[in-house]
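In the numbering used here, the protein residues as written are 620 to 885.
Glycine included, each C-beta is placed from N, C-alpha and C at the ideal position.
As structure tokens, then:
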């Protein structure tokens, strides 16, 4: 992919999809700024980025806090002089203990909206002026298959991810005149820490899953719902992001691209 020397910010980069995206972009030649709420959690990501050898940076970033966002963006511009790619990967599926509640409460709605929507808006609006000035940029937002079709597991999460798709389209229209591409990725079913929490929730919601381990629920779900009969991996998502971040995707904007093994085709 043609992302050599591009300056790329990845939020939620400590593990799972965010870590894979950071590593893949670095492998493709990008200068990666891997950010997360807790800088100490970025150790593994940092080690892999150092091993690849490109200029990189790990940075504490709380996307829900405007001061944290502004400080991080200033530091990045001071050190790298530009921002070419923003990957909005930071996300949450609920407030602490959400999987133990029968019904999402107000704390879940607030936590999800603060990170998945308002946090994405804060960091995006902070980098847009630089991209406008450069008259180029790639913004890639992490949505979900639940943004396409609601589920009973966490309605607020699905609503937020539908909102991500809508925001993606709005920004794509707004920023097209500046040659800034804005797209979203809708991942399918991946074995990540978040999905393990989802499986725990399913074991409470659905009688047929009672007594099953999270991995057993995951494997059965792949068999039942994925036409290609294989799970998606963080690397699958990272490959799609690397493509959208490259010049090969210069004529793609306002799209929400499914990477889900065929479970959703709309």
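Item: Identity of the residues DSSP links to residue 761 by a beta bridge; Value: 804
Item: Where residue 882 falls: helix, strand or coil (DSSP); Value: coil
Item: Per-residue burial, residue 776 [other beta carbons within 10 Å of its own, 16 or more giving buried]; Value: buried
Item: In DSSP terms, what residue 650 is bridged to; Value: 626
Item: Identity of the residue in 866, 773 and 867 nearest residue 821 by Cα; Value: 773
Item: Through-space distance from residue 766 to residue 685, alpha-carbon basis; Value: 26 angstroms
Item: Contacting residues, own chain, Cβ-Cβ under 7 angstroms from residue 768 (five flanking each side not counted); Value: 883
Item: Unbroken alpha helix (DSSP H) run spanning residue 794, endpoints; Value: 774 to 794
Item: Closest by C-alpha distance to residue 739, when choosing among 760, 815 and 754; Value: 760
Item: Proximity winner among 754, 746, 793 and 809, relative to residue 844 (alpha-carbon distances); Value: 809
Item: Residue 675, DSSP secondary structure in three states; Value: strand
Item: Contact the segment 830 to 843 vs the segment 856 to 872: 3+ CB pairs below 8 angstroms; Value: no
Item: Close beta carbons around residue 696, own chain, < 8 angstroms, minus the five adjacent residues each side; Value: 702 and 749
Item: Start-to-end residues for the beta strand (DSSP E) that takes in residue 706; Value: 704 to 707
Item: Exposure of residue 650, with buried meaning 16 or more beta-carbon neighbours within 10 Å; Value: buried
Item: Sequence-distant residues of its chain with Cβ nearer than 7 angstroms to residue 661 (five each side left out); Value: 632, 633, 653, 655 and 677
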